Amino acid sequence: MHRAGELRKELTPAELKLWAYLRNNKLNGVNFRRQHAIGSYIVDFVSIKHKLVIELDGTARGGIKPQSGGR
């Protein structure tokens with residue numbers, strides 16, 4: 119299985135809470151995908167149609183703190 123698929127199965131508590139609002143077009147009819155690969159990055163949430171990415175900060179999976187800056 120590819121990495122994005124693995125991440126879809128393991129949501130962090132923050133991702134789970136936000137996904138409850140974004141799923142099923144609940145946010146003004148905007149469709150979002152979770153853990154979607156864009157180039158070499160895997161973003162938390164993306165609306166392809168609106169070219170909108172949502173990335174949550176905090177503790178990454180496996181207890182590794184995310185790096186900032188290089189994106």
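In this text, residue positions in the sequence shown follow the numbering used here: the first is 119, and each later residue adds one.
For each residue, glycine too, the CB sits at the ideal point set by N, CA and C.
Keep in mind that this is a model prediction, so the values were computed, not measured.
inquiry  = Need the endpoints of the alpha helix (DSSP H) that Leu174 sits in, please.
reply    = Translated into the one-based positions of the sequence shown, residue 174 becomes position 56. Here Leu174 belongs to no alpha helix (DSSP H), and DSSP marks it neither H nor E.
- With a CB to CB cut of under 6 Å and the five nearest residues on each side skipped, what residues in its chain are close to Phe203? Since the displayed the chain opens at 119 and closes at 189, residue 203 lies outside it and no answer follows.
**Prompt:** Going by beta carbon distance, what residues of the same chain come within less than 7 Å of Glu133, once the five residues before and after it are set aside?
**Reply:** Residue mapping note: residue 133 aligns to position 15 of the sequence shown, counting from 1. Asp162, Leu174.
Same chain, Cβ closer than 8 Å to His168, five either side skipped, listed in chain order: Along the sequence shown, one-based indexing puts residue 168 at 50. Val148, listed in sequence order.
| request: Quick one: using the 10 Å Cβ neighbour count with 16 as the cut-off for buried, is Leu145 buried or exposed? | output: Within the sequence shown, residue 145 is the residue found at index 27, counting from 1. The residue in question, Leu145, is exposed, as its Cβ has fewer than 16 Cβ neighbours within 10 Å.
Tell me where the beta strand (DSSP E) around Arg152 begins and ends. As a first step, residue 152 must be located in the sequence shown, where it is residue number 34. Segment 151–156, the beta strand (DSSP E) holding Arg152.
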